[in-house]
Each structure stands twice: as structure tokens, then as C-alpha cells.
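My numbering puts the sequence shown at residues 83 to 297. Reading through the C-alpha cells given below for one structure.
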Amino acid sequence: MRHAVGDTKMKLDEALKEIRKGKERKFDQSVDLLINLRGVDLKRDNVNVVVTLPHALGSKKVCGFLTKKSDLVTSVLEPDFQGYAKDPKKLKKLADEYDFFIAAAPLMPKVATTFGRVLGPAGKMPSPQLGILAPESDESIQKVLKEIGSSVKLRAKETSLKLSIGKLSMEDAAISENLRAIVKGVLGVLPSNRESVKNVLVKTTMGKPVAVEGW
């Protein structure tokens with residue numbers, strides 16, 4: 083008997099097989115993870131975490147707030163900060179254009195003052211976890227870019243989290259490992275661990291969600 087999609091919970095391996103039964107599309111659909119929360123006060127509880135994935139999900143656009151131009155990353159230098167401070171539209175465009183921001187450690191106070199009001203709410207401020215360079219060198223930039231390549235940054239703005247954990251072209255085992263890494267990272271910052279999770283679902287870009295048990 084076939085399980086009801088989005089109703090009866092399935093084991094993860096069964097859920098991934100289920101979502102693959104959907105209508106075939108002309109593009110490589112993403113496999114999305116949805117984590118619905120309960121008993122979480124987003125004004126009080128900081129659901130904000132960086133998770134390193136076992137299997138990277140492609141390139142990310144990165145911008146650096148630096149004291150000198152780097153050939154490794156798009157660079158916004160300290161003398162340019164004032165232009166962004168005076169132009170909110172320019173600042174928002176910058177925030178929307180890049181997935182991650184990194185910064186030289188000595189510049190962080192000015193970065194916070196100039197860019198924090200936009201990058202903060204977007205969950206894109208450089209952080210000690212991932213993005214603050216000390217020292218500012220090609221080696222440290224290369225290292226953090228490599229880490230960013232296999233990382234996702236999660237910040238709950240509502241009582242649910244949604245993000246891509248893979249593509250249909252990936253093996254189920256790789257998708258499963260990414261899902262478990264993300265769930266583990268999220269549980270670590272929730273106030274009541276598993277009790278703060280209402281349910282976990284997976285879906286394709288165009289498909290219906292399937293509830294997962296045993297995550």
C-alpha cells in the first residue's frame with residue numbers, strides 16, 4: 083500500500099524514493115528540506131547556525147570587506163564604505179547579490195556600523211564561525227572560501243526553515259547525509275532540542291512534501 087504524501091510519516095530512505103516518483107521535469111530539481119518548529123519564540127530564541135555539509139551544493143557568491151583588493155574574492159575596501167552608508171539602495175543591492183560576506187577582523191566594527199542594518203536581518207553578517215579573517219591573507223581567504231563552499235547558513239525568520247539539501251541527480255545516500263547534518267546543527271540551537279521540532283519534510287522543487295520520521 084502506498085503511503086499518503088505529506089500525511090503518513092516515512093523513513094528517510096522511503097521518503098526520498100517517494101519524492102522521486104513525481105512527474106519528470108526538464109531540469110535537475112532541487113531536493114528541499116522543511117523543518118517546522120514549535121514552542122520557539124524567534125524574538126527570544128536565536129535560531130542561527132552554520133552547518134558544514136558532507137556533500138557541497140555548488141558555488142556561492144562571496145564578497146569580502148577588506149583593507150586591500152584580493153583577486154580571490156569580490157572586494158569592498160574600507161574607503162568605499164561611506165558610499166554604501168549614504169545609499170540604502172546600493173547597500174541592499176549588495177546584500178541581495180551575494181550569498182556570503184567575509185571581513186578582515188580589524189574592519190568588523192565599521193562593517194557592523196555600515197552594513198549591519200541590512201546584512202544582520204538577512205543573516206549574512208560575517209561571523210566568527212565563518213567569515214572573519216585573522217590575519218587577512220590569501221591563505222586565510224582561500225581557507226574560508228573552501229569552508230563556505232561546503233556550508234549553509236540557517237536563520238529562522240519564521241517558525242519554519244526551508245533550504246535545498248541536494249539535487250535529484252545526487253545519490254540518496256548523499257542527500258540523506260546532508261539532511262542529517264542540517265537537522266543535527268539545527269537541533270543544537272533550538273531551546274528544547276527535538277521537542278522544538280513539529281515535523282520534518284522533504285520535497286522536490288515542483289513536488290509535494292513528504293513527512294519524514296526517524297530523523
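From the three backbone atoms N, C-alpha and C, an ideal C-beta is built for every residue, glycine too. Note that the structure is a prediction, hence the values are computed from the model and not measured.
- Bounds of the alpha helix (DSSP H) holding R262 are 254 to 269.
- With a cut-off of 8 Å on Cβ pairs, the segment 163 to 181 is in contact with the segment 196 to 203, counting three or more such pairs.
- Apart from the 5 residues on each side of it in sequence, S222 sits with its Cβ closer than 6 Å to the Cβ of L215 in its chain, given in chain order.
- Residues I101, V113, D114, L116, P291, V292 of the same chain have their beta carbon placed closer than 8 Å to that of K285, with the five preceding and five following residues left out of the count.
- A residue is called buried once 16 or more other Cβ atoms fall within 10 Å of its Cβ, and K206 is buried on that count.
- By alpha-carbon distance to Q111, the top candidate from K225, M252, I264, Q211 is M252.
- Bounds of the alpha helix (DSSP H) holding E100 are 94 to 101.
- In the displayed model, K105 falls within coil according to three-state DSSP, outside both helix and strand.
- Given a length threshold of 3 residues, each whole run of the beta strand (DSSP E) inside the segment 230 to 256 is given here in chain order: 233 to 237, 242 to 249.
- When secondary structure is reduced to three states using DSSP, S219 falls in the coil class, being assigned neither helix nor strand.
- DSSP places A177 in the uninterrupted alpha helix (DSSP H) bounded by 170 to 179.
- Taking the Cβ atoms as the reference, R276 lies roughly 6 Å from L269, within the contact range of under 8 Å.
- Judged by beta-carbon spacing, I230 lies beyond the 9 Å limit of I264, meaning their Cβ atoms are not closer than that value.
- Contact between L148 and E96 is absent: CB atoms are separated by about 48 Å, not below the 8 Å threshold.
- Following the DSSP letters along the chain, one finds T195 inside the alpha helix (DSSP H) bounded by residues 190 to 201.
- A residue is called buried once 16 or more other Cβ atoms fall within 10 Å of its Cβ, and S274, having fewer, is exposed.
- For a cut-off of 8 Å, the C-beta gap from S278 to R120 is around 6 Å, short enough to register as a contact.
- Following the DSSP letters along the chain, one finds N130 inside the beta strand (DSSP E) bounded by residues 130 to 134.
- Under the three-state reduction of DSSP output, G205 falls in the coil class, being neither helix nor strand.
- Going by beta carbons, L94 and S258 fall inside the 9 Å limit.
- For V271 against V129, the beta-carbon gap comes to about 6 Å, under 8 Å, which counts as contact.
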